[in-house]
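Shown next, in structure tokens, is the structure this report addresses.
This is the structure:
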């Protein structure tokens with residue numbers, strides 16, 4: 086505790102400049118301690134002072150998305166995410182609000198990936214998964230996800246899976262996939278998902294029948310998280326764990342069901 090208090094006494098304010106150096110760039114100020122506790126990348130940047138163009142205690146990120154940075158700064162300070170409307174672009178259609186896309190969420194996840202902030206990524210991913218459960222995704226979001234991430238990314242896996250789900254539900258037509266022509270990496274993942282399409286027929290991504298030996302937190306829902314244990318208090322995670330546990334307690338293996346039926350038939354006889 087003494088070390089923490091000493092660091093606070095000597096804490097400095099760091100200047101962050103997000104966006105191109107024009108009238109559209111935004112400047113924020115944050116404590117050095119908060120920044121260093123977020124990512125090793127920021128620790129190195131402050132040690133080397135190589136991102137400020139010679140201006141001490143200044144970090145410039147000209148290529149980053151401003152909205153995603155605002156969400157990240159909120160998360161740094163509040164240890165949580167802003168309300169859903171800040172992560173999803175909503176549109177009013179005939180008096181009802183529907184998501185236009187999930188591009189903001191994708192950019193937030195990609196920002197966390199770029200600077201090595203796995204807990205932030207998982208917070209965003211859980212919110213995204215919860216929203217996709219209700220609304221599904223669209224090709225604008227899919228394109229953004231593949232253009233913003235690297236091969237092997239859980240976000241790419243999720244978006245390819247979403248396309249399979251949308252095609253299966255009829256909310257998307259195969260002809261619409263022409264919009265993804267030229268998107269590097271999509272075809273191979275999409276093809277693999279299509280060949281295993283039966284795995285993706287249930288929403289949300291928790292098996293509808295969880296066997297008794299199933300370990301909570303190991304359902305298909307969790308494969309998209311970078312460090313699941315670091316988001317133990319997230320409300321979506323807690324809800325899914327409760328759902329899994331409820332299904333685990335009520336489900337019976339087919340062999341148990343058959344045995345139970347035989348016992349019942351024997352008693353009737």
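Residue numbers (the numbering used here): 86 to 354. We put the beta carbon where it would ideally sit given N, CA and C, even for glycine.
Any idea what DSSP makes of residue i, helix, strand or coil?
{"i": "residue 152", "result": "helix"}
{"i": "residue 217", "result": "helix"}
{"i": "residue 266", "result": "coil"}
{"i": "residue 272", "result": "helix"}
{"i": "residue 174", "result": "strand"}
{"i": "residue 111", "result": "strand"}
{"i": "residue 339", "result": "Unreliable placement is indicated for residue 339, whose pLDDT of 47 sits below 50; the coordinate value is still reported in the next sentence. Three-state result, residue 339: helix."}
{"i": "residue 235", "result": "coil"}
{"i": "residue 186", "result": "strand"}
For residue i, which of the options has the nearest alpha-carbon?
{"i": "residue 104", "options": "145, 164, 166 and 275", "result": "145"}
{"i": "residue 109", "options": "229, 119, 151 and 138", "result": "151"}
{"i": "residue 247", "options": "312, 236, 323 and 279", "result": "279"}
{"i": "residue 253", "options": "155, 281, 266 and 186", "result": "281"}
{"i": "residue 261", "options": "213, 223 and 271", "result": "223"}
{"i": "residue 210", "options": "256, 149, 307 and 168", "result": "307"}
{"i": "residue 147", "options": "168, 101 and 162", "result": "101"}
Counting only the same chain and skipping the five closest in sequence on each side, list residues whose C-beta sits under 8 Å from that of residue i.
{"i": "residue 81", "result": "This structure cannot speak to residue 81, because the chain is shown only from 86 to 354."}
{"i": "residue 97", "result": "116, 117 and 142"}
{"i": "residue 188", "result": "174, 225, 226 and 229"}
{"i": "residue 312", "result": "203, 204 and 207"}
How big is the Cα-Cα spacing for residue i and residue j?
{"i": "residue 119", "j": "residue 241", "result": "30 Å"}
{"i": "residue 136", "j": "residue 276", "result": "41 Å"}
{"i": "residue 200", "j": "residue 194", "result": "10 Å"}
{"i": "residue 264", "j": "residue 220", "result": "20 Å"}
{"i": "residue 259", "j": "residue 269", "result": "18 Å"}
{"i": "residue 114", "j": "residue 158", "result": "10 Å"}
{"i": "residue 216", "j": "residue 139", "result": "43 Å"}
{"i": "residue 197", "j": "residue 233", "result": "11 Å"}
{"i": "residue 164", "j": "residue 266", "result": "38 Å"}
{"i": "residue 106", "j": "residue 243", "result": "34 Å"}
{"i": "residue 99", "j": "residue 153", "result": "19 Å"}
{"i": "residue 239", "j": "residue 274", "result": "11 Å"}
{"i": "residue 271", "j": "residue 251", "result": "15 Å"}
{"i": "residue 124", "j": "residue 130", "result": "10 Å"}
Looking at the strands, I want to know which residues DSSP matches up with residue i.
{"i": "residue 117", "result": "For residue 117, which the question treats as bridged, DSSP gives no partner whatsoever."}
{"i": "residue 146", "result": "103"}
Take residue i and list the residues in its own chain whose beta-carbon comes closer than 6 Å to its own, dropping the five residues that flank it on each side.
{"i": "residue 126", "result": "200 and 201"}
Can you list, in chain order, the residues of its chain whose CB lies under 7 Å from that of residue i, leaving out five sequence neighbours each side?
{"i": "residue 111", "result": "103, 104 and 151"}
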